[in-house]
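Q: First the structure, then my questions, so here it is.
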Amino acid sequence: IVAIGTAIAGPAAAATCDSARWLDPAEGFCVLLPSDAPRSGLRVFLGHTDVSLWFRVSEDGRLSYQAGSIALAHGEQELVVRAQQNGAWAEIERRIVRILAPGGYQRRLGRHAANLTVESQRGFGTPGSAARPRTLDVGGQAALGFELARAGSLWRFDSSLVGSSHRDAGLRYSQLGERAPRIDLSEYQLSFTRDGTEAYAGHLVAGRHPLLLQDFDARGLLWRQKLGSAGDLAVGRLNGSTIVGYDNLSGLGDTGHRIDTMTAGVELLRARPGALRVELSWLDGAVRAIDDFNAGEISDAERSRGVGARIQSSLFDNRLRTDAAWASSRYVNPQDPLLAQGSELVPVRAQSQQAQFYDLQWEVLRPGAEGDAAWPEVHLHARLDRAEPLYRSVGSGLRADSELVQVSVDSNWDVLSLGIAAQRHVDNLDRIPTILRTGTRTRTLTGGLNLPVLFGKSAPAASWPVVTVRHLQQQQRARNAPESFQPSHLPDQRNRELALGLRWSWRTGNGRSSSSTSSRTTAREDASARITAT
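Be aware that the sequence shown starts at 1, since it is given in our numbering, and climbs by one per residue.
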């Protein structure tokens, strides 16, 4: 370790003392020491490395690094200066030094990982019953990526490859058969962010509307843009389903199998983001009937175009949260040759239908918030989902022609927990006489008692169980009697369920330690000892 001495400041005159600026690796820099700091005998550490040899300190307290002395590691590193005071080393300065990577990047990272799997089979139980009685298959996965940051911009790339020596185990063997590649692309994503702009290509998740398109996972393009301090806009074009492989890298190669989406949102209370947010969404999509392999099962060609609105709020210290959404979608089944198979089919008329969604979560009582820690914790949750007959959006799996109402109350009070829930579901909302209308009601009661906490002070906690109880009652019956239905075809049943649970928890452990002391002090050789504990 080398201590710094005082030197003239000639070569360091061009060095910058601006610690916030990113520095070129070949550029000198300096640190202004406190006025009372010593000017000699200093040690400088950059990260975990002692770099004192390449620093000089001037009479005016300027600690300078001579450009090009050593190859500095790029990125952000802590520079610490220590001096000897009263016989001990004391820290007198600490700051962050920022060194650019080659190419002027503030951050340049590469990522890679791989795993290999070997599966073998030496024989099969019954001779002749297996196509491959002896096998040795090698498979694996690999992840590749990088990250580049410069001047407020960030580029990021991640990819995943899957391979197998046995072609039957390939990702797309069910689609391509013997033409399926042994090593295939599972997923990838390229992203760019700068200030309030975000752009994505590859596999991504898009959509924020629960009735049109929400968390849709597919390959495509997505662009998000901040609009001022309270607004934002997201525009995307996605493949109609999840796909894999090197073909159709963008996901937009098939114009008849893709989804266009746009969402605009605004925070009405700028000082409290998330307190009151309004969103407008638009979707236009079409999907084809395709094989079911890593792509989602689609049994018929579909097309829909819809608009929707959503309002979310979080009020009273996040104790009351609401979420309401409405959508109108125009849906049609276009002519599908795979479905028609050369036959004349009656064309399906386009239908415009609506759907609603309402959700309320209320933290009625919060422990400690009412001025008394003994208050229980009580939560109320209510939800309504309603979709008109023939409502359909290609980006949502919402069940049409149904109404679902759910209400639940959950409470926790020290060692006791209680829950009550009720649910009602009905279909055939237009009450068409020739279509069966079914109503289902479900009631659930749950409870729990934590005996280890209740009696743990008077007896070992492990001797007491956690008690749980659950009672469910469900009734389903027909609300009408269509003429074409026999009485035995009309549902009318009740289900009851009672469950009691006792759960014990035990923990055990075992350890062993050994230590020895060897005394080599003159006349004290017998002070050596060995201690073993279990």
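Glycine residues also receive a C-beta, built at the ideal position from the N, C-alpha and C atoms. All values reported here derive from a predicted model rather than from experimental measurement.
Between the C-alpha atoms of residue 455 and residue 314, what's the straight-line distance to the nearest angstrom?
A: Cα to Cα, residue 455 sits roughly 39 Å from residue 314.
Q: Can you grab the Cα-Cα spacing for the pair residue 112 / residue 156, in whole Å?
A: The alpha-carbon of residue 112 is positioned some 13 Å away from that of residue 156.
Q: Can you tell me which of the three DSSP states residue 246 falls into?
A: coil
Q: Tell me the DSSP bridge mates of residue 45?
A: 50 and 80
Q: Need the endpoints of the beta strand (DSSP E) that residue 475 sits in, please.
A: Taken as a continuous stretch (DSSP letters only), the beta strand (DSSP E) holding residue 475 covers 466-478.
Q: Beta strand (DSSP E) containing residue 453: first to last residue?
A: Residue 453 -> not in any beta strand (DSSP E); alpha helix (DSSP H) instead, spanning 451-455.
Q: Between residue 614 and residue 109, what straight-line distance do the alpha-carbon atoms span, to the nearest angstrom?
A: Residue coverage of the chain in this structure runs from 1 to 534, which leaves residue 614 outside it and unanswerable.
Q: Quick check: what's the CA-CA separation for residue 97 versus residue 158?
A: 29 Å
Q: Please state whether the Cβ-Cβ distance between residue 280 and residue 269 is less than 8 Å.
A: no
Q: Quick check on residue 246: buried or exposed, where buried means 16 or more other Cβ atoms within 10 Å of its Cβ?
A: exposed
Q: Can you check which of these residues, 87, 73, 92 and 83, is closest to residue 101 by C-alpha distance?
A: Minimum Cα-Cα distance from residue 101 among the listed residues 87, 73, 92 and 83 corresponds to 73.
Q: Tell me the DSSP secondary structure of residue 427 in three-state form.
A: Assignment of residue 427 by DSSP, reduced to helix, strand and coil, places it in the strand class.
Q: By DSSP, does residue 512 sit in helix, in strand, or in coil?
A: coil
Q: Express the C-alpha separation of residue 316 and residue 361 in angstroms, rounding to a whole number.
A: Rounded to whole angstroms, residue 361 to residue 316 spans 12 Å at the Cα level.
Q: Tell whether a beta-carbon distance below 8 Å holds between residue 144 and residue 120.
A: no
Q: Within its chain, find whatever has a CB closer than 6 Å to the CB of residue 77; leave out the 5 residues flanking it on each side and keep chain order.
A: 46, 47 and 97
Q: Starting from the Cα of residue 257, find the closest Cα among 59, 303 and 94 and give me that residue.
A: Just measuring C-alpha positions, the residue of 59, 303 and 94 sitting nearest residue 257 is 303.
Q: Exposed or buried, which one is residue 44 when buried takes at least 16 other CB atoms within 10 Å?
A: buried
Q: Per DSSP, which one or two residues make a beta bridge with residue 379?
A: 363 and 410
Q: Closer than 7 Å by C-beta to residue 306: which residues in its own chain qualify, once you throw out the five before and the five after it? Chain order, please.
A: 212, 283, 327, 328, 329, 330 and 393
Q: Take residue 397 as the anchor and find which of 355, 421 and 420 has the nearest alpha-carbon.
A: For residue 397, the closest of 355, 421 and 420 by C-alpha to C-alpha distance is 355.
Q: On the three-state DSSP scale, how would you describe residue 178?
A: Residue 178: helix per DSSP, three-state reduction.
Q: Can the beta-carbon of residue 436 be found closer than 8 Å to that of residue 485?
A: yes
Q: To the nearest angstrom, how far is it from the Cα of residue 184 to the Cα of residue 163?
A: 6 Å
Q: In terms of residues, what are the limits of the beta strand (DSSP E) holding residue 88?
A: Residue 88 -> beta strand (DSSP E) spans 88-99.
Q: Are residue 364 and residue 384 close, meaning C-beta to C-beta below 8 Å?
A: In this structure, residue 384 does not lie closer than 8 Å to residue 364 by Cβ.
Q: Would you give the residue range spanned by the beta strand (DSSP E) that residue 311 belongs to?
A: 302-315
Q: Kindly indicate the opening and closing residues of the beta strand (DSSP E) around residue 255.
A: Run containing residue 255: none; DSSP gives neither H nor E here.
Q: Given a threshold of 16 other Cβ atoms within 10 Å of its Cβ, counted over all protein chains shown, does residue 511 qualify as buried or as exposed?
A: By the 10 Å Cβ count, residue 511 comes out exposed.
Q: Compare the Cα-Cα distances from residue 500 to each of 240, 227 and 445 and report the closest residue.
A: 445
Q: According to DSSP, which residues form a beta bridge with residue 115?
A: 141
Q: For residue 422 and residue 503, what's the separation of their Cα atoms in angstroms?
A: 27 Å
Q: My output table needs one value for residue 354: the three-state DSSP class, helix, strand or coil.
A: strand
Q: How about residue 206 and residue 154: are their beta carbons less than 8 Å apart?
A: Result no, Cβ atoms of residue 206 and residue 154 do not sit closer than 8 Å.
Q: What three-state label does DSSP hand residue 463 in the structure shown?
A: helix
Q: Looking at residue 32 and residue 17, is the spacing between their C-beta atoms short of 8 Å?
A: yes
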